[in-house]
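>
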Amino acid sequence: MREDYIKEARKVIKDPNILINVVSRRVKQLRHGNRPLVESLEKLNPEDIALREIIEGKISYELAE
């Protein structure tokens, strides 16, 4: 994973545990064939795609009560 993407995503999702869970869930979806919600000129791995989606506000999360 790219360090700069991690830093930017931490500004959106402050809790590192939640960030890890959101990224891992999205990576599973991408690996099972879901299309990325962001476009990129460079070839990104699924982890970086998930981080970019968080940074750009394309995916969010909700905490269960």
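Be aware that the sequence shown starts at 0, since it is given in numbering that gives the first Met the number 0, and climbs by one per residue. Even glycine gets a Cβ: it sits at the ideal position worked out from N, Cα and C.
According to DSSP, simplified to helix, strand and coil, what is P35?
Position 36 of the sequence shown, counted from the first residue, corresponds to residue 35. Coil, per DSSP.
> Let me know if L62 comes out buried or exposed under the rule of 16 or more other beta-carbons within 10 Å of its beta-carbon.
As a first step, residue 62 must be located in the sequence shown, where it is residue number 63. With fewer than 16 other Cβ atoms within 10 Å, it is exposed.
> Would you call the stretch 33-48 in contact with the stretch 10-17, where contact means no fewer than 3 C-beta pairs closer than 8 angstroms?
No, the stretch 33-48 is not in contact with the stretch 10-17.
> Rank V26, E46 and E64 by C-alpha distance to the C-alpha of E2 and give the top, closest one.
Here residue 2 refers to the residue found at position 3 when the sequence shown is read from its first residue. It is E46.
> For R30, collect the residues of the same chain with a Cβ closer than 8 angstroms to its Cβ; drop the 5 residues on either side in sequence, then sort them by chain order.
Here the question's residue 30 lines up with position 31 in the sequence shown. Only P45 meet the Cβ criterion.
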